[in-house]
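A.B. asks:
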Amino acid sequence: MIENANVLFILSDSLRADCLGCYGDKNIKTPNIDGLAKEGLLFTTIYAENPLTIPSRTAMVSSCYTFTHRPWMPLLKTDIHIAEIMKRNGYVTAAFSNSPFNARNNMNRGFDTFQEYVHKNSPVSPKHYDFPDLYRVPADLQDKMSWYTAHIERRLYASEKGELPSDSPELLTKEAMSWLKNNVAKGPFFLWLDYFDPHEPWSPPPPYDEMYDPGYEGRLFPRPRYDICSSLTESELNHIIALYKGCITQVDDQIGLVMETLDELGLTDDTLIIFSSDHGEPLGDHGTIRKNGVPMWDELTRIPLILKGPMIPKGERRECLIDNTDITPTLLGLLKIEHDLPSTLLEGIDLTPLIQGEIDRVRDRVYMGHFTRRPYTSWVEGPLRFNLRAAIRTERYKFIDNCNSRIPEFPTGNELYDIRKDPLERDNLIEEEKELADQLRNDLLRFVDFSFYKNYYNRLLPTRAHYS
Numbered sequence: 009m010i011e012n013a014n015v016l017f018i019l020s021d022s023l024r025a026d027c028l029g030c031y032g033d034k035n036i037k038t039p040n041i042d043g044l045a046k047e048g049l050l051f052t053t054i055y056a057e058n059p060l061t062i063p064s065r066t067a068m069v070s071s072c073y074t075f076t077h078r079p080w081m082p083l084l085k086t087d088i089h090i091a092e093i094m095k096r097n098g099y100v101t102a103a104f105s106n107s108p109f110n111a112r113n114n115m116n117r118g119f120d121t122f123q124e125y126v127h128k129n130s131p132v133s134p135k136h137y138d139f140p141d142l143y144r145v146p147a148d149l150q151d152k153m154s155w156y157t158a159h160i161e162r163r164l165y166a167s168e169k170g171e172l173p174s175d176s177p178e179l180l181t182k183e184a185m186s187w188l189k190n191n192v193a194k195g196p197f198f199l200w201l202d203y204f205d206p207h208e209p210w211s212p213p214p215p216y217d218e219m220y221d222p223g224y225e226g227r228l229f230p231r232p233r234y235d236i237c238s239s240l241t242e243s244e245l246n247h248i249i250a251l252y253k254g255c256i257t258q259v260d261d262q263i264g265l266v267m268e269t270l271d272e273l274g275l276t277d278d279t280l281i282i283f284s285s286d287h288g289e290p291l292g293d294h295g296t297i298r299k300n301g302v303p304m305w306d307e308l309t310r311i312p313l314i315l316k317g318p319m320i321p322k323g324e325r326r327e328c329l330i331d332n333t334d335i336t337p338t339l340l341g342l343l344k345i346e347h348d349l350p351s352t353l354l355e356g357i358d359l360t361p362l363i364q365g366e367i368d369r370v371r372d373r374v375y376m377g378h379f380t381r382r383p384y385t386s387w388v389e390g391p392l393r394f395n396l397r398a399a400i401r402t403e404r405y406k407f408i409d410n411c412n413s414r415i416p417e418f419p420t421g422n423e424l425y426d427i428r429k430d431p432l433e434r435d436n437l438i439e440e441e442k443e444l445a446d447q448l449r450n451d452l453l454r455f456v457d458f459s460f461y462k463n464y465y466n467r468l469l470p471t472r473a474h475y476s
């Protein structure tokens, strides 16, 4: 179909779908991402099966459901990695990332070149510089400090020296495009660009910092607490959203530079481009800011997905339910890469027939959730699933099991929404539709139980070693 096509995978962290022009935001400036949608295929209803940074990326690269059986953790040896498959099939592989898509989380597997820009082992990290005392973090506190501290520290230091911050999207793009120019003649490439923006801290440089809320003079919140929004004024919340959108436009400009490089090298017509995100961002919807409690509402779980390239329909949309475990099997299907990976490893669905218009849907429901970092509490508090916040989304309804939430002012009861009538998930029908809620909850728990046991028991089988 598009055998031997180059593959460019672009990920923008924390990008909720409805904050893009092509997904309906009329006030955002995203001409380059919108251009991909205009020239390619946009999926309107794709969900992150686990709306957290590393679990979501694990689902993408391995096609494995994570929310049913594991917390935030590095990629397992028994997981597949799409880069390993691409490398075995003759692709030159490279990744450039300023996100936690890094070697520490085993995401470097299968990449010939792997450049990361954020964590302390990066060649451009603060440990290689003589930092002013003002910005220095005592060694005995480094492991206790937030990862974000180093992120902000680098930006402060770089701005004083007049350099690009070592975690900036501009530096990532510059070095990735340099790699592409130097390696384009070596064969088909699989290039992964992982931009951490618009993840907080929301501190975009000029002109993005004042692009959407010029003249703001109130308090600054580059990294708001995981919190409800009652402590913020309307003006403060609007400014946070403006900074978030500034980060989006900053990334969009970088994507424009990437597209220009493809054109200059004559690669545009021979490159399959995949654009997506790992999860969204609440931005004050439902009264929350950041991923407070990891809610299952659409503002966090619904993500963008756009494909552009050879044999991809131009300017079309697909409105059926899919999730991000489908990305890897779809890539393999489009490229006609043969494999003998069992369904216990490759849990997603190949969307190729859907993309080509041969069918109009691949499933009638999707599942999503968040597995706690503290599964040991199940020994005290009951069955394992009670440490799981999870949801099931059918074509019409979404049911959310909130388990035993202990976050003040955060929902502790279950939720049911009629998405057709209530797309913003404001009218909880859990009391009016108890029978339907019970049916959906039982379906959700069956899926969780089946996936949990399938993943753990199958990981004991020796056949899995063949794919690691």
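Heads up, the final residue of the sequence shown is numbered 476 in the working numbering, and it's a clean run with no missing numbers.
Each residue gets a CB set at the ideal place from its N, CA and C atoms; glycine is no exception.
Bear in mind that the values here come from a model prediction, so they are computed numbers and not experimental data.
1. Please classify residue 201 as buried or exposed, where buried requires at least 16 other C-beta atoms within 10 Å of its C-beta.
2. Sorted by chain position, which residues of the same chain lie with C-beta nearer than 6 Å to residue 309's C-beta, five sequence neighbours on each side aside?
3. Three or more beta-carbon pairs under 8 Å between the stretch 70-79 and the stretch 324-343, yes or no?
4. Kindly indicate which three-state DSSP category residue 31 falls into: helix, strand or coil?
5. Using a 10 Å radius around the Cβ and a threshold of 16 neighbouring Cβ atoms, would you call residue 283 buried or exposed?
6. Three or more C-beta pairs closer than 8 Å, one from the stretch 320-328 and one from the stretch 86-97: is that the case here?
7. In the DSSP assignment, find the alpha helix (DSSP H) that holds residue 38 and state where it starts and stops.
8. Report yes if the CB atom of residue 181 is closer than 7 Å to the CB atom of residue 262, and no otherwise.
9. Using 8 Å as the threshold, is the stretch 14-28 in touch with the stretch 193-200, meaning 3 or more CB pairs across them?
10. Pull up the distance between the alpha-carbon of residue 29 and that of residue 35, whole angstroms please.
11. Quick one: Cα of residue 442 to Cα of residue 304, how far?
12. Is the separation between the beta-carbon of residue 49 and that of residue 324 shorter than 7 Å?
13. Under DSSP, the alpha helix (DSSP H) around residue 326 begins and ends at which residues?
14. According to DSSP, simplified to helix, strand and coil, what is residue 14?
15. If you drop the 5 nearest sequence neighbours on each side, which residues of the same chain put their C-beta closer than 7 Å to that of residue 370?
16. I think residue 402 touches residue 372, with their Cβ atoms under 8 Å apart; what is that distance to the nearest whole Å?
17. If we call anything under 7 Å between Cβ atoms a contact, is residue 105 one with residue 285?
18. Under 8 Å by Cβ, that's how I've got residue 76 and residue 102 pegged, so tell me the actual separation to the nearest angstrom.
19. Residue range of the beta strand (DSSP E) that residue 310 falls in?
20. Under a three-way DSSP split, which group does residue 423 fall into?
21. Rounded C-beta distance between residue 78 and residue 407? I'm assuming under 8 Å.
22. Taking contact to mean at least 3 C-beta pairs separated by less than 8 Å, is the stretch 268-282 in contact with the stretch 246-259?
23. For residue 314 and residue 44, which I take to be in contact (beta-carbon distance under 8 Å), what is that distance rounded to the nearest angstrom?
24. Using DSSP with H/G/I as helix, E/B as strand and the rest coil, what is residue 66?
25. Which class does residue 401 belong to by DSSP, given the choice of helix, strand or coil?
26. Specify the secondary structure class of residue 281 as computed by DSSP and reduced to three states.
27. Using DSSP with H/G/I as helix, E/B as strand and the rest coil, what is residue 86?
28. So for residue 20, helix, strand or coil by DSSP?
29. Going by beta carbon distance, what residues of the same chain come within less than 7 Å of residue 438, once the five residues before and after it are set aside?
30. Give me the residue from 39, 99, 225 with the minimum Cα distance to residue 259.
31. Which value, in whole angstroms, describes the spacing of the CA atoms of residue 217 and residue 250?
32. I need the DSSP call for residue 203, collapsed to helix, strand or coil.
33. For a quick check, are the C-beta atoms of residue 289 and residue 22 less than 7 Å apart?
34. Roughly how many angstroms lie between the CA atoms of residue 212 and residue 65, to the nearest whole one?
35. Helix, strand or coil for residue 390 per DSSP?
36. Alpha carbon to alpha carbon, what distance is there between residue 452 and residue 389?
C.D. replies: Let me lay it out:
1. Taking the first residue of the sequence shown as position 1, residue 201 is located at position 193. Per the 10 Å Cβ criterion, buried.
2. Position 301 of the sequence shown, counted from the first residue, corresponds to residue 309. Sequence-distant Cβ neighbours of residue 309 in its own chain, meaning closer than 6 Å and more than five residues away, are 55, 56, 59, 376.
3. yes
4. Residue numbering aside, residue 31 sits at position 23 when the sequence shown is read from its first letter. Of the three classes helix, strand and coil, the one that applies to residue 31 here is helix, per DSSP.
5. As a position in the sequence shown, residue 283 is number 275, starting the count at 1. By the 10 Å Cβ count, residue 283 comes out buried.
6. no
7. Taking the sequence shown and counting its residues from 1, the one referred to as residue 38 is at position 30. Here residue 38 belongs to no alpha helix (DSSP H), and DSSP marks it neither H nor E.
8. If you number the sequence shown from 1, residue 181 lands on position 173. If you number the sequence shown from 1, residue 262 lands on position 254. Yes; because the gap between Cβ atoms is below 7 Å, this pair is in contact.
9. yes
10. If you number the sequence shown from 1, residue 29 lands on position 21. If you number the sequence shown from 1, residue 35 lands on position 27. Near 8 Å, if we compare the C-alpha coordinates of residue 35 and residue 29.
11. Residue mapping note: residue 442 aligns to position 434 of the sequence shown, counting from 1. Residue mapping note: residue 304 aligns to position 296 of the sequence shown, counting from 1. Computed Cα separation, rounded: 19 Å.
12. Numbered from its first residue, the sequence shown carries residue 49 at position 41. Numbered from its first residue, the sequence shown carries residue 324 at position 316. In this structure, residue 324 lies closer than 7 Å to residue 49 by Cβ.
13. Residue mapping note: residue 326 aligns to position 318 of the sequence shown, counting from 1. Note, residue 326: premise wrong, no alpha helix (DSSP H); beta strand (DSSP E) at 324-326.
14. Counted from its first residue, the sequence shown places residue 14 at position 6. Note: residue 14 maps to strand in three-state DSSP.
15. In the sequence shown, the residue the question calls residue 370 occupies position 362. For residue 370, where only same-chain residues beyond five positions count, the Cβ hits under 7 Å are 328, 330, 357, 359, 362.
16. As a first step, residue 402 is located in the sequence shown; it is residue number 394 there, counting from the start. As a first step, residue 372 is located in the sequence shown; it is residue number 364 there, counting from the start. Correct: roughly 6 Å between the Cβ atoms.
17. For the purposes of this step, residue 105 is taken as the residue at position 97 of the sequence shown. For the purposes of this step, residue 285 is taken as the residue at position 277 of the sequence shown. Not a contact, by the Cβ cut-off of 7 Å.
18. The sequence position of residue 76 within the sequence shown is 68, counting from 1. The sequence position of residue 102 within the sequence shown is 94, counting from 1. Contact flag wrong, Cβ pair sits at about 32 Å.
19. Here residue 310 is taken as the residue at index 302 of the sequence shown, counted from 1. Taken as a continuous stretch (DSSP letters only), the beta strand (DSSP E) holding residue 310 covers 310-316.
20. Your numbering for residue 423 matches position 415 in the sequence shown. Of the three classes helix, strand and coil, the one that applies to residue 423 here is strand, per DSSP.
21. In the sequence shown, the residue the question calls residue 78 occupies position 70. In the sequence shown, the residue the question calls residue 407 occupies position 399. Residue 78 to residue 407, Cβ: 23 Å. No contact.
22. no
23. The residue you call residue 314 lines up with position 306 of the sequence shown. The residue you call residue 44 lines up with position 36 of the sequence shown. That belief holds up - the Cβ atoms of residue 314 and residue 44 are roughly 5 Å apart, short of 8 Å.
24. In the sequence shown, residue 66 corresponds to position 58, counting from 1. Helix, per DSSP.
25. Reading the sequence shown from its first residue, position 393 is the one you call residue 401. DSSP places residue 401 in strand when its eight states are reduced to three.
26. Residue 281 sits at position 273 when you count from the first residue of the sequence shown. If DSSP states are grouped into helix, strand and coil, residue 281 belongs with the strands.
27. Counted from its first residue, the sequence shown places residue 86 at position 78. The answer is coil: DSSP assigns residue 86 none of H, G, I, E or B.
28. Counted from its first residue, the sequence shown places residue 20 at position 12. DSSP, reduced to helix, strand and coil, places residue 20 within a strand of the structure shown.
29. As a position in the sequence shown, residue 438 is number 430, starting the count at 1. 421, 422, 423, 424, 445, listed in sequence order.
30. Counted from its first residue, the sequence shown places residue 259 at position 251. Residue 259 has its Cα closest to that of 39, out of 39, 99, 225.
31. For the purposes of this step, residue 217 is taken as residue 209 along the sequence shown, with counting starting at 1. For the purposes of this step, residue 250 is taken as residue 242 along the sequence shown, with counting starting at 1. Roughly 8 Å separates the two Cα atoms.
32. The residue you call residue 203 lines up with position 195 of the sequence shown. Here residue 203 sits in strand by DSSP.
33. Numbered from 1 along the sequence shown, position 281 holds the residue referred to as residue 289. Numbered from 1 along the sequence shown, position 14 holds the residue referred to as residue 22. Yes, they are a contact pair.
34. For this step, residue 212 is matched to residue 204 along the sequence shown. For this step, residue 65 is matched to residue 57 along the sequence shown. Taking the straight line from one Cα to the other gives about 24 Å.
35. Sequence index remark: in the sequence shown, residue 390 carries index 382 (1-based). Bear in mind that a pLDDT of 42 at residue 390, under 50, signals an unreliable position, so the model cannot answer this.
36. In the sequence shown, residue 389 corresponds to position 381, counting from 1. In the sequence shown, residue 452 corresponds to position 444, counting from 1. Low local confidence applies: a pLDDT of 41 at residue 389 is under 50, so the model's placement there is unreliable, with the coordinate-based value given in what follows. When rounded, the distance between both Cα atoms is 20 Å.
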